[in-house]
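For the record, the sequence lines run as chains A and B.
Under the numbering used here, the residue at position 101 of the first sequence is numbered 181, and the numbers go up by one with no gaps.
Under the numbering used here, the residue at position 335 of the second sequence is numbered 502, and the numbers go up by one with no gaps.
The beta carbon of each residue, even a glycine, is placed where N, CA and C say it ideally should be.
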Amino acid sequence: MAEGKIKYYSKMLETKEISCSELTESFLTAIENANSDLNAYVKVTPETAMETAKAVDEKIARGEKLAPLEGIPMTLKDNISTKEIETTCCSKILGGYKPIYNATVWETLSASNAVLLGKTNMDEFAMGSSSETSCFGGASNPHNIDHVAGGSSGGVASAVGGNIAVYGLGSDTGGSIRQPASFCGIVGLKPTYGAVSRFGLIAYASSFDQIGPITTTVEDVAIVFDAISEYDKMDSTSQGRKGEPTVNSLKNDIKGMRIGIPREYLDGIKDEVRLAVENACEVYRSLGAEIVYFDLPALKYALPVYYILACAEASSNLGRYDGIRYGYRTESYKDVNEMICKTRSEGFGAEVKRRILLGTYVLSAGYYDAYYKKAQNLRGSIVNAFKNAFQNCDVILAPTVPMTAFEKGNAISDPIETYLTDICTVPVNIAGLPGVSVPCGFDGKGLPIGMQLIGNTFCESRILNAAWQFENAVGSEVFKSSKYGVKI
Amino acid sequence: MKYEMVAGFETHIELATNTKIFCSCTTEFGADSNTHCCPICIGLPGTLPKLNRQAVKYAIMAGLATNCEIANISKMDRKNYCYPDLPKAYQISQYDKPLCEHGYVQLSNGKKIRLTRIHIEEDAGKLIHKRGDTYIDYNRGGVPLIEIVSEPDIRSVEEAKEYVEKLQQIMRYIGISDCKMQEGSMRCDVNISVRPVGSEQLGTRTEIKNMNSITFIGKAMEYEFGRQVDLIESGGKVEQQTLRYDDVTNTTSSMRGKEDANDYRYFRDPDLVTISVTDEEIDELRAKIPELPFQKQERYVSEMGLNEKDAQNIAKYRKIAEFFETASKGIKNPKTAANFIIGQIFRRLETESDKEEFNIAVTAEQLRELIELLDSGKIRNNLAKSTLEKMLDTGKSFSEFISESDLAGMDENTLNELCKKAVEANPKAVADYRNGKQKALKSIVGFVMKESRGRADAAAAEAKILELIG
Chain A
81 MAEGKIKYYS
91 KMLETKEISC
101 SELTESFLTA
111 IENANSDLNA
121 YVKVTPETAM
131 ETAKAVDEKI
141 ARGEKLAPLE
151 GIPMTLKDNI
161 STKEIETTCC
171 SKILGGYKPI
181 YNATVWETLS
191 ASNAVLLGKT
201 NMDEFAMGSS
211 SETSCFGGAS
221 NPHNIDHVAG
231 GSSGGVASAV
241 GGNIAVYGLG
251 SDTGGSIRQP
261 ASFCGIVGLK
271 PTYGAVSRFG
281 LIAYASSFDQ
291 IGPITTTVED
301 VAIVFDAISE
311 YDKMDSTSQG
321 RKGEPTVNSL
331 KNDIKGMRIG
341 IPREYLDGIK
351 DEVRLAVENA
361 CEVYRSLGAE
371 IVYFDLPALK
381 YALPVYYILA
391 CAEASSNLGR
401 YDGIRYGYRT
411 ESYKDVNEMI
421 CKTRSEGFGA
431 EVKRRILLGT
441 YVLSAGYYDA
451 YYKKAQNLRG
461 SIVNAFKNAF
471 QNCDVILAPT
481 VPMTAFEKGN
491 AISDPIETYL
501 TDICTVPVNI
511 AGLPGVSVPC
521 GFDGKGLPIG
531 MQLIGNTFCE
541 SRILNAAWQF
551 ENAVGSEVFK
561 SSKYGVKI
Chain B
168 MKYEMVAGFE
178 THIELATNTK
188 IFCSCTTEFG
198 ADSNTHCCPI
208 CIGLPGTLPK
218 LNRQAVKYAI
228 MAGLATNCEI
238 ANISKMDRKN
248 YCYPDLPKAY
258 QISQYDKPLC
268 EHGYVQLSNG
278 KKIRLTRIHI
288 EEDAGKLIHK
298 RGDTYIDYNR
308 GGVPLIEIVS
318 EPDIRSVEEA
328 KEYVEKLQQI
338 MRYIGISDCK
348 MQEGSMRCDV
358 NISVRPVGSE
368 QLGTRTEIKN
378 MNSITFIGKA
388 MEYEFGRQVD
398 LIESGGKVEQ
408 QTLRYDDVTN
418 TTSSMRGKED
428 ANDYRYFRDP
438 DLVTISVTDE
448 EIDELRAKIP
458 ELPFQKQERY
468 VSEMGLNEKD
478 AQNIAKYRKI
488 AEFFETASKG
498 IKNPKTAANF
508 IIGQIFRRLE
518 TESDKEEFNI
528 AVTAEQLREL
538 IELLDSGKIR
548 NNLAKSTLEK
558 MLDTGKSFSE
568 FISESDLAGM
578 DENTLNELCK
588 KAVEANPKAV
598 ADYRNGKQKA
608 LKSIVGFVMK
618 ESRGRADAAA
628 AEAKILELIG
């Protein structure tokens, strides 16, 4: 699977084996057939897709060369702002909201004629691990629709895993790209904080949020990342990719690469998952890399730090949904205060309310020092712990999630238990590091298992290089195509 | 028992940047509602703020002009509260690391009103209540503000008024704000309490919100001082609360009590990076701070011989002070320039804003030429005054109004002839003078001046006349 789908389709377009309109149509048809099972898309945009496809076909007819992502059918998570196309974060409170501007990532991709098939399902405001907090209902796992696709970018993962989009952009605040990629047996990259512009990404927790690609192969993830990792003056926290495009280093030799495994990452992990990661270590050893085990005790604070800080930021970020300017507004009210209260009570789902309340609480006078401030300090310790770890290893290897995809309904019924499943993904967000999840096996039920490679800040090239080498070595053993979607 | 007033100010001043603090919308005042808005300043989902560096510079200048320490490292925080004029439900402000701290403003009595801090923040939109409905205008949303917080060092209405005037003058001088209170580009919240004279302890304070005129600040403080004293005298207790002032009834009324006080849940805004300011940058900005009004005033008195009042009146307005300085450059007695400004020019500038804008037809250089003419003795004061009036009316140079013969002055013979003529023509005055009426001499000299259309040298004429009749 080292040869990605993007290059494959791009070549087909250039050699006129298929027209972009035909390719797009086949994806639109596949969506029509598969979406009732997968519930990956919450909004399909056939008109704009076909319009773009036509423009690409004209370009091909004129004999012009295509940009790497030109004409490739793709999707965006529903929290990425798209001008004149409904962007709701799968929340009732943003029902009917059509942005008047494009997110920078979409501005970049649409400028090179990316074919947007539609907007995909997600947990409401990216809060959740199963996409089931979506006001449109959860997205299904393309390998077994009784299981979730994961979350919060479950719709993108379901669409890409189910072959009804070549690639998609998700967002990752505490694991929301890597976890669904792991559940759906595909590749998901959470870039370094600041590598990709957040402008136009509807905020959940601003100091954690990062947009990144979800694809079927490492090469594809690298191509998309290279395309969207530009410095953006609209985002003060943006820095852009450092160094040359990551695709250039995918095939580099990894002999002598030091791959670190913090022991804490293997605690409380399901046996099948741990075994798959240990097998991956063997693969790496055979490729000449060195596996080093070490302790990262600061990790034990990761979950509380994440939930305190992310909820605090969310409570502030979500204050603006008041029914005054856009989105949902309650039907009857006596005055503006009642209007705002009722709008928010009716417009937000239970999980979002839970996090707003939690976040408001930890920032309140009298509790700030005990929660928010302490968590901020611990965040600093975790950042330093990783910094030190990268003095002794080049990349860190860990499971992406302690288990495989949950059965539908389980995540919703016990929120605290579900928060715990983020244990392996949140440290990366706390420290602002890049992490990529790649498939590394299957459990007894045939559900995919993922592992993640974590790098130091702005070292996407290195983790993608390690990921590509693994994929190249074992590709077909860890990847299987879903029965759904386009089979060209 | 005698009570004293204890007051501190929180003053909001809109900065005169061209664009808003976090987006590129214009800050121009007075446009149609919601025309100076963009996705960023109306807080649409997904938008991010980008700090306008000019706002930081202006705030630092405000700090430097008020003797503050400037922080090399500072940050922006979110102040969370829900109100329809605040589209993000938080105001981006500065909480525990303001740009400027520990400054002061000195009053004319020498007293220093200490400034706790100056920080930058964004303004909110404006609610407009019309025909029972409420509309929101977000044009003002995102306009950069500084908030200047003083210590409770003010002890009287006079000190309060002078403090606000001083701030206004300083900020206008350094060019960071027009400080127009009636347009809301300068607004004050007054914290006020009372205590028995001699007591060191602070009383419970109330806060009068959003005062937009110096006169009303005085009235409101007087009223509130009286109210608090009456309350205590009658055995009651002052409650900590936020008040609004009604300028029609001249009373204050409660907006909200202590129990309704907001918990703003301040935390660092994760969308904005640390603000770092280098010492070099601070020095550059310091170099841009002009001589301030009170410094000018002092210099006008000590070095240029103006009286205290004239010096103050001229120094108060930057453009007038600059005009005065240019007009009096190289002049023997700068007081002459001051007299023309206060006599002839001020009459044409009725309001404060007229003086602030200082639109007059005569340049400082033109006035200086006129004064040089006067000083050289070629024309007399009356002619100079009337000529300046004509110049102010028309914008033309003095040469349009003063003829060659006016400038030629008067030789001794002509003067002698004129004096003889004056003595002959005024026998009564001559007689009066000889009878001991000193004043009569003036009227004979006056005749000479009139006949010569002001060209004659009054002192020389007087000497000659005395010679003739003495």
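Is the beta carbon of A:Val372 sitting closer than 8 Å to the one on A:Leu330? Residue numbering aside, residue 372 of chain A sits at position 292 when the first sequence is read from its first letter. Residue numbering aside, residue 330 of chain A sits at position 250 when the first sequence is read from its first letter. No, the Cβ-Cβ distance between A:Val372 and A:Leu330 is not below 8 Å.
A:Met130 CB to nearest chain B CB: under 8 Å? On the first sequence, residue 130 of chain A is found 50 positions in, with the first residue counted as 1. No, its Cβ sits nowhere closer than 8 Å to a Cβ of chain B.
On a Cα-Cα basis, can you pick out the residue from A:Gln549, A:Val516, A:Leu438 and A:Gly524 that is closest to A:Ile534? Translated into the one-based positions of the first sequence, residue 534 of chain A becomes position 454. Ranking A:Gln549, A:Val516, A:Leu438 and A:Gly524 by Cα distance to A:Ile534 puts A:Val516 first.
With distances taken between CB atoms, is the gap from A:Pro148 to A:Ser101 smaller than 8 Å? By one-based count along the first sequence, residue 148 of chain A stands at place 68. By one-based count along the first sequence, residue 101 of chain A stands at place 21. Their beta carbons are not under 8 Å apart, which means A:Pro148 does not touch A:Ser101 by this criterion.
Going by DSSP in three states, A:Gly399 sits in which element: helix, strand or coil? Here residue 399 of chain A corresponds to residue number 319 of the first sequence, with the count starting at 1. Helix.
Going by beta carbon distance, what residues of the same chain come within less than 6 Å of B:Ile487, once the five residues before and after it are set aside? Taking the second sequence and counting its residues from 1, the one referred to as residue 487 of chain B is at position 320. Cβ within range, chain order: Ile481 and Phe525.
Taking Cβ positions only, does B:Tyr262 come closer than 8 Å to chain A? By one-based count along the second sequence, residue 262 of chain B stands at place 95. Not an interface residue.
Looking only at its own chain, which residues have a Cβ that is under 8 Å from the Cβ of B:Met422, when we skip the five neighbours before and after it? Residue numbering aside, residue 422 of chain B sits at position 255 when the second sequence is read from its first letter. Cβ within range, chain order: Lys376, Gln408, Thr409, Leu410 and Arg411.
Using beta-carbon positions only, say whether A:Gln259 and A:Thr498 come within less than 8 Å of one another. The residue given as residue 259 of chain A occupies position 179 in the first sequence. The residue given as residue 498 of chain A occupies position 418 in the first sequence. Going by C-beta atoms, A:Gln259 is not nearer than 8 Å to A:Thr498.
Entirely within the segment 133-166 of chain A and at least 3 residues each: give me those beta strand (DSSP E) ranges in chain order. 153-157
Nearest-angstrom Cα distance between B:Lys617 and B:Tyr225? Along the second sequence, read from residue 1 onward, the residue named residue 617 of chain B stands at position 450. Along the second sequence, read from residue 1 onward, the residue named residue 225 of chain B stands at position 58. Their backbone Cα atoms lie some 56 Å apart in a straight line.
In the DSSP assignment, find the beta strand (DSSP E) that holds B:Ile611 and state where it starts and stops. Position 444 of the second sequence, counted from the start, is the residue given in the question as residue 611 of chain B. Looking at the DSSP string, B:Ile611 is not in any beta strand (DSSP E); the run it does join, the alpha helix (DSSP H), is Lys606 to Glu618.
For A:Val475, name the three-state secondary structure that DSSP assigns. Sequence index remark: in the first sequence, residue 475 of chain A carries index 395 (1-based). A:Val475: strand per DSSP, three-state reduction.
Given 8 Å as the limit, is there contact between the segment 549-561 of chain A and the segment 314-325 of chain B, that is, 3 or more CB pairs closer than that? no
Separation of A:Ser233 from B:Val272, as counted between CA atoms: Reading the second sequence from its first residue, position 105 is the one you call residue 272 of chain B. Reading the first sequence from its first residue, position 153 is the one you call residue 233 of chain A. If you take the alpha carbons of B:Val272 and A:Ser233, they lie about 56 Å apart.
Would you say A:Arg409 reaches chain B, if we count a Cβ-Cβ gap shorter than 8 Å as a contact? By 1-based counting over the first sequence, the position of residue 409 of chain A is 329. Output row for A:Arg409: interface = no.
CB-CB length for B:Met388 against B:Ile359, believed under 8 Å: On the second sequence, residue 388 of chain B is found 221 positions in, with the first residue counted as 1. On the second sequence, residue 359 of chain B is found 192 positions in, with the first residue counted as 1. The Cβ separation is near 6 Å, so the contact holds.
Restricting to Cα atoms, I'd like to know which of A:Ala511, A:Gly208, A:Phe428 and A:Tyr448 is closest to A:Phe538. In the first sequence, the residue the question calls residue 538 of chain A occupies position 458. Of the listed residues, the one whose Cα sits closest to A:Phe538 is A:Ala511.
Residues from the segment 405-430 of chain B in contact with chain A, defined by Cβ distance under 8 Å: Asp430
Can you tell me which of the three DSSP states B:Glu171 falls into? Mapped onto the second sequence, residue 171 of chain B falls at position 4. B:Glu171 falls in the strand class under three-state DSSP.
Which of the three DSSP states, helix, strand or coil, is assigned to B:Tyr484? For the purposes of this step, residue 484 of chain B is taken as residue 317 along the second sequence, with counting starting at 1. DSSP places B:Tyr484 in coil when its eight states are reduced to three.
Verify the CB distance criterion: does A:Met154 have a CB-CB separation below 8 Å to chain B? As a position in the first sequence, residue 154 of chain A is number 74, starting the count at 1. Cβ-Cβ to chain B under 8 Å: no for A:Met154.
As assigned by DSSP and simplified to three states, the class of B:Asp599: Numbered from 1 along the second sequence, position 432 holds the residue referred to as residue 599 of chain B. In the structure shown, B:Asp599 sits in a helix (DSSP, three-state: H, G or I).
Listed by chain order, chain A residues near B:Val173 by CB distance under 9 Å: In the second sequence, counting from the first residue as 1, residue 173 of chain B sits at position 6. Near B:Val173 there are no residues of chain A at all, since even the closest Cβ is about 26 Å away, more than 9 Å.
Near-chain B residues of the segment 297-322 of chain A - C-beta to any C-beta below 8 Å: Lys313, Met314, Asp315, Ser316 and Thr317
Closest to B:Gly613 by C-alpha separation, out of B:Asp560, B:Ala626 and B:Leu266, would be which residue? Mapped onto the second sequence, residue 613 of chain B falls at position 446. Looking at the Cα atoms, B:Ala626 is the closest of the given residues.
Interfacial residues, the segment 206-220 of chain B to chain A, with Cβ spacing under 9 Å: Pro206, Ile207, Ile209, Gly210, Leu211, Pro212, Gly213, Thr214, Leu215, Pro216, Lys217 and Leu218
Pair every Cβ in the segment 175-192 of chain B with every Cβ in the segment 345-357 of chain B, then say whether three or more of these pairs are closer than 8 Å. yes
For B:Lys604, which option in B:Gly637, B:Arg620 and B:Glu171 has the closest C-alpha, if you only look at C-alpha atoms? Sequence index remark: in the second sequence, residue 604 of chain B carries index 437 (1-based). The option with the nearest alpha carbon to B:Lys604 is B:Gly637.
If we define contact as Cβ-Cβ less than 8 Å, is A:Gly336 a contact residue for chain B? The sequence position of residue 336 of chain A within the first sequence is 256, counting from 1. No, A:Gly336 lies away from the interface with chain B (no Cβ there is under 8 Å from its Cβ).
Is the number of C-beta pairs between the segment 252-267 of chain B and the segment 399-414 of chain A that are closer than 8 Å three or more? yes
Span of the alpha helix (DSSP H) holding B:Glu389? To locate residue 389 of chain B, count along the second sequence from 1; it is residue 222. Looking at the DSSP string, the run of the alpha helix (DSSP H) that includes B:Glu389 is Ile381 to Glu400.
For B:Arg307, does the three-state DSSP call read helix, strand or coil? Residue 307 of chain B sits at position 140 when you count from the first residue of the second sequence. B:Arg307: coil per DSSP, three-state reduction.
Using a Cβ-Cβ distance cut-off of 8 Å, determine whether A:Ala82 contacts chain B. Indexing the first sequence from 1 puts residue 82 of chain A at position 2. In this prediction, A:Ala82 scores a pLDDT of 49, lower than 50, which makes its location untrustworthy; the coordinate-derived value is nonetheless stated afterwards. Taking Cβ atoms only, chain B never reaches closer than 8 Å to A:Ala82, which makes this a no.
Under 8 Å, do B:Tyr600 and B:Arg485 count as touching if we go by C-beta distance? For this step, residue 600 of chain B is matched to residue 433 along the second sequence. For this step, residue 485 of chain B is matched to residue 318 along the second sequence. Contact flag unset, no.
Out of curiosity, what's the CA-to-CA distance linking B:Gly175 and A:Ala183? For the purposes of this step, residue 175 of chain B is identified with residue 8 of the second sequence, where counting begins at 1. For the purposes of this step, residue 183 of chain A is identified with residue 103 of the first sequence, where counting begins at 1. In a straight line, the C-alpha of B:Gly175 is about 45 Å away from that of A:Ala183.
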